[in-house]
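I have placed the structure first, in the form of structure tokens, so that the comments after it can refer back to it.
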Amino acid sequence: MIDNLFSFSLFLIIEILAGIGEVYMRVSIYKSEIVAGDVKVSAVLTFEESFRFSDGASSAEVWFSWPASYFLPEREIWDPFVMIALPFAMVAGEDLSVEGSIDPVLYLNLLEVISIYHWYFPGKTREVEIKVKVDWSAKVGGANDRVGTFFSGGVDSLFNVADMKRLHKMGVASLVSDLWLVHGMDIRLSDSGLWETTLSELSDMASMEGLDVTPVRTNVREVQRGIIGWTDMGFGSILSAVSKLFSEIVPTALIGSYDLYKYCVPHASSPQLDPFWSCSRQVVRHYTSRVSRMDKIQAIHMNAPGLLSKVRVCWENTDGQYNCGVCEKCLRTQAQLYALGILDDVSSFEGFDLLGNLKGFRLNSSALGNGYTLRFWQEILDVALENSCSDLVRVLSPILKDANRRAHYAAFKRSVKTAIRSGLSH
């Protein structure tokens with residue numbers, strides 16, 4: 471009797487000690503409801519230790535909503551919430567504990583995502599464990615040929631539609647069938663005016679290809695602010711989570727690429743990372759780093775020219791404008807279109823004086839330091855020279871000369887600082 475009591479007590483002590491030091495970020499309280507004709511799914515993310523969300527709270531509800539007429543889920547969808555929670559857990563250094571179950575293929579892929587994130591951003595993340603059940607009833611996708619892509623109106627999303635159309639004519643791929651426009655990413659949830667304008671313009675654009683736009687709303691970016699860097703682990707995890715909401719009906723999802731393979735750097739979305747957002751039901755593709763931005767514009771013009779008419783690239787949206795016309799990205803896109811001789815076909819840039827606005831324009835330090843913006847502008851100058859756009863060459867040449875000079879000086883300063891630190895450490 472005493473021996474049995476001693477053994478039981480020892481077992482309890484071991485169990486208690488084993489639990490000490492286990493700290494989890496928790497994903498719990500899944501809800502699904504119909505609100506004003508929209509499906510709304512949500513879950514609560516909770517930090518267990520001292521780490522807090524930007525509002526000072528230890529818990530935050532994250533949610534997604536979309537028209538119920540598009541898709542009405544019949545089961546709990548935990549996958550997107552685990553994908554959203556993972557960057558938070560890695561920044562906080564807390565293992566992830568999930569109340570529900572997720573797709574088994576996604577679970578294995580998330581182990582790779584953890585390793586890639588930590589390799590990309592070692593100073594901002596810690597490798598964590600995921601404590602979760604897997605749903606072995608998950609069915610392998612492919613029952614239909616639907617292809618979904620995110621549709622912001624930018625060059626990358628338009629290219630996905632145009633290039634799949636080209637490949638479909640060759641008999642080697644399916645057409646894009648589903649377009650997802652997400653409110654709460656580059657357009658704040660509070661900016662209903664710009665959202666309605668954008669949804670209307672892009673719906674008109676999509677109709678040229680016989681497609682409908684499905685609006686999706688989410689508060690995830692608001693929860694990420696101040697914790698998750700937008701181009702670190704921010705927007706990519708949101709896009710991939712949205713795709714998982716519809717994995718039962720759309721077996722292929724495309725996330726637009728941002729650069730050629732040889733230039734890809736650690737980023738929220740990359741050809742190395744995005745395929746690991748796939749699950750049993752759905753393949754995710756980073757589409758595609760085999761072509762440049764200028765090549766994409768030409769492909770859209772050749773295969774689906776109507777889509778370019780209302781191209782939307784602005785991320786500043788001054789005074790709620792669809793395209794402000796004067797920010798770096800607006801100017802860059804206009805210059806790309808001008809160099810290719812198709813700017814006049816684009817109504818969303820009507821009324822802007824490109825050459826006049828470029829006079830005195832200067833790339834800022836962040837544009838010089840991100841590894842790709844300066845190269846995009848150099849590519850524009852090269853194409854302008856090739857196509858004998860002398861007026862554009864005349865305006866761009868001093869801009870690029872100044873930018874390259876400052877970029878080289880910044881690189882020299884960084885190398886000097888590195889050498890000094892290295893010398894001090896020895």
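Residue numbers for the sequence shown follow our numbering, so the first one is 471 and each next one is one higher.
Ideal placement from N, C-alpha and C gives every residue a C-beta, glycine not left out.
Could you pull the start and end residues of the alpha helix (DSSP H) that residue 771 belongs to? Working through the sequence shown from its first residue, we reach residue 771 at position 301. 763-773 is the extent of the alpha helix (DSSP H) around residue 771.
Counting C-beta neighbours from all protein chains within 10 Å, is the total for residue 955 16 or more, i.e. buried, or is it exposed? Any answer about residue 955 is impossible in this case: the structure gives the chain only from 471 up to 896.
Kindly indicate which three-state DSSP category residue 540 falls into: helix, strand or coil? Residue mapping note: residue 540 aligns to position 70 of the sequence shown, counting from 1. In this structure, residue 540 counts as coil in the three-state DSSP scheme.
CA-to-CA distance, residue 727 to residue 760, given in whole angstroms: The sequence position of residue 760 within the sequence shown is 290, counting from 1. The sequence position of residue 727 within the sequence shown is 257, counting from 1. Cα-Cα distance, rounded: 9 Å.
When you compare only the Cα positions, how much space is there between residue 512 and residue 522? Position 42 of the sequence shown holds residue 512. Position 52 of the sequence shown holds residue 522. When rounded, the distance between both Cα atoms is 19 Å.
Status (buried if at least 16 other CB within 10 Å, exposed otherwise) for residue 642: Counting from 1 along the sequence shown, the entry for residue 642 is found at position 172. Exposed: under 16 other Cβ atoms inside 10 Å.
Are residue 792 and residue 684 closer than 7 Å when you measure CB to CB? Indexing the sequence shown from 1 puts residue 792 at position 322. Indexing the sequence shown from 1 puts residue 684 at position 214. Not closer than 7 Å, so no.
How would you call residue 717, buried or exposed, if buried means at least 16 neighbouring beta carbons within 10 angstroms? In the sequence shown, residue 717 corresponds to position 247, counting from 1. By the neighbour-count rule (16 or more Cβ atoms within 10 Å), residue 717 is buried.
For residue 842, three-class secondary structure by DSSP: Start at 1 with the first residue of the sequence shown, and residue 842 comes out as number 372. In the structure shown, residue 842 sits in coil (DSSP, three-state: anything other than H, G, I, E or B).
Nearest to residue 797 by alpha carbon, out of 711, 837, 814 and 817? Taking the first residue of the sequence shown as 1, we reach residue 797 at position 327. Here the closest residue by C-alpha is 837.
DSSP beta-bridge partners of residue 508: Translated into the one-based positions of the sequence shown, residue 508 becomes position 38. Answer by DSSP bridge pairing, in chain order: 505 and 537.
So, using beta-carbon positions, are residue 756 and residue 725 closer together than 7 Å? Counting from 1 along the sequence shown, the entry for residue 756 is found at position 286. Counting from 1 along the sequence shown, the entry for residue 725 is found at position 255. Against a cut-off of 7 Å, the Cβ pair of residue 725 and residue 756 comes out as a contact.
Quick one: give me the first and last residue of the beta strand (DSSP E) that residue 567 is part of. Position 97 of the sequence shown, counting from 1, holds the residue named residue 567. Residues 565-572.
Using 8 Å as the threshold, is the region 735-742 in touch with the region 620-638, meaning 3 or more CB pairs across them? no
Can you name the residues that DSSP bridges to residue 531? Against the sequence shown, residue 531 aligns to sequence position 61. DSSP lists 514 as partners of residue 531.
Would you tell me roughly how many angstroms separate the C-alpha atoms of residue 559 and residue 605, rounded to the nearest one? What you label residue 559 is simply residue 89 of the sequence shown in a count that begins at 1. What you label residue 605 is simply residue 135 of the sequence shown in a count that begins at 1. Looking at the two C-alpha atoms, the distance is approximately 22 Å.
Identify every residue that forms a DSSP beta bridge with residue 498. Here residue 498 refers to the residue found at position 28 when the sequence shown is read from its first residue. DSSP, once it has assigned bridges, lists 514 as partnering residue 498.
Classification of residue 600 by the beta-carbon crowding that lies within 10 angstroms, buried from 16 upward: For the purposes of this step, residue 600 is taken as residue 130 along the sequence shown, with counting starting at 1. Per the 10 Å Cβ criterion, buried.
How would you label residue 655, buried or exposed, when you count the other beta carbons within 10 angstroms and need 16 or more for buried? Locating residue 655 in the sequence shown gives position 185, where the first residue counts as 1. The residue in question, residue 655, is buried, as its Cβ has 16 or more Cβ neighbours within 10 Å.
In three-state DSSP terms, what is residue 493? For the purposes of this step, residue 493 is taken as the residue at position 23 of the sequence shown. Residue 493: coil per DSSP, three-state reduction.
In terms of DSSP beta bridges, what is residue 548 paired with? Translated into the one-based positions of the sequence shown, residue 548 becomes position 78. DSSP, once it has assigned bridges, lists no residue as partnering residue 548.
Would you mind stating whether residue 645 and residue 653 have Cβ atoms separated by less than 7 Å? The residue labelled residue 645 in the question sits at position 175 within the sequence shown. The residue labelled residue 653 in the question sits at position 183 within the sequence shown. Taking 7 Å as the Cβ cut-off, residue 645 and residue 653 do not qualify as a contacting pair.
Just list the residues that DSSP pairs residue 723 with in beta bridges. If you number the sequence shown from 1, residue 723 lands on position 253. Residue 723 pairs with 618 and 754.
When you compare each of 626, 695, 607 and 574 to residue 561 by their alpha carbons, which one comes out closest? Residue 561 sits at position 91 when you count from the first residue of the sequence shown. Minimum Cα distance to residue 561 is reached at 695.
Once the 5 residues before and after residue 667 are set aside, which same chain residues still bring their CB inside 8 Å of it? Translated into the one-based positions of the sequence shown, residue 667 becomes position 197. These residues qualify, in order along the chain: 790 and 792.
Would you tell me roughly how many angstroms separate the C-alpha atoms of residue 477 and residue 597, rounded to the nearest one? Here residue 477 corresponds to residue number 7 of the sequence shown, with the count starting at 1. Here residue 597 corresponds to residue number 127 of the sequence shown, with the count starting at 1. Only weak support is given to the placement of residue 477: the predicted model assigns it a pLDDT of 44, under 50, and the value that follows is read from those uncertain coordinates. Near 36 Å, if we compare the C-alpha coordinates of residue 597 and residue 477.
Taking the alpha carbon of residue 842 as the point to measure from, which residue in 500, 591 and 731 has its own alpha carbon closest? Within the sequence shown, residue 842 is the residue found at index 372, counting from 1. Of the candidates 500, 591 and 731, the one whose C-alpha sits nearest the C-alpha of residue 842 is 731.
Count the other C-beta atoms from every protein chain shown that fall within 10 angstroms of the C-beta of residue 771, then say buried if there are 16 or more, exposed otherwise. In the sequence shown, counting from the first residue as 1, residue 771 sits at position 301. Its Cβ being crowded by 16 or more others within 10 Å, residue 771 is buried.
For residue 600, write down the residues that DSSP places opposite it in a beta bridge. Walking along the sequence shown from the start, residue 600 turns up at place 130. Answer by DSSP bridge pairing, in chain order: 566.
Are residue 780 and residue 818 touching if we call contact CB-CB under 7 Å? Translated into positions along the sequence shown, residue 780 becomes position 310. Translated into positions along the sequence shown, residue 818 becomes position 348. In this structure, residue 818 lies closer than 7 Å to residue 780 by Cβ.
Applying the 10 Å Cβ sphere with the 16-neighbour rule, what's the burial state of residue 525? Along the sequence shown, read from residue 1 onward, the residue named residue 525 stands at position 55. Under this definition residue 525 is an exposed residue.
For residue 745, the three-state DSSP class (helix, strand or coil): In the sequence shown, residue 745 corresponds to position 275, counting from 1. Correct three-state label for residue 745: helix.
Considering only residues of the same chain and omitting the five flanking positions on each side of residue 706, which have a CB-CB separation below 6 Å? Stepping through the sequence shown from its first residue, residue 706 is reached at position 236. Excluding positions up to five away in sequence, the list reads 738 and 739.
Same chain only: Cβ atoms within 6 Å of residue 686, ignoring 5 sequence neighbours per side: Translated into positions along the sequence shown, residue 686 becomes position 216. Cβ neighbours of residue 686 beyond the five flanking positions: 536, 650, 652 and 712.
Tell me whether residue 482 is buried or exposed, calling it buried when 16 or more other Cβ atoms sit within 10 Å of its Cβ. Position 12 of the sequence shown, counted from the first residue, corresponds to residue 482. Note on residue 482: pLDDT 39, under 50, position unreliable in the model; no value is reported.
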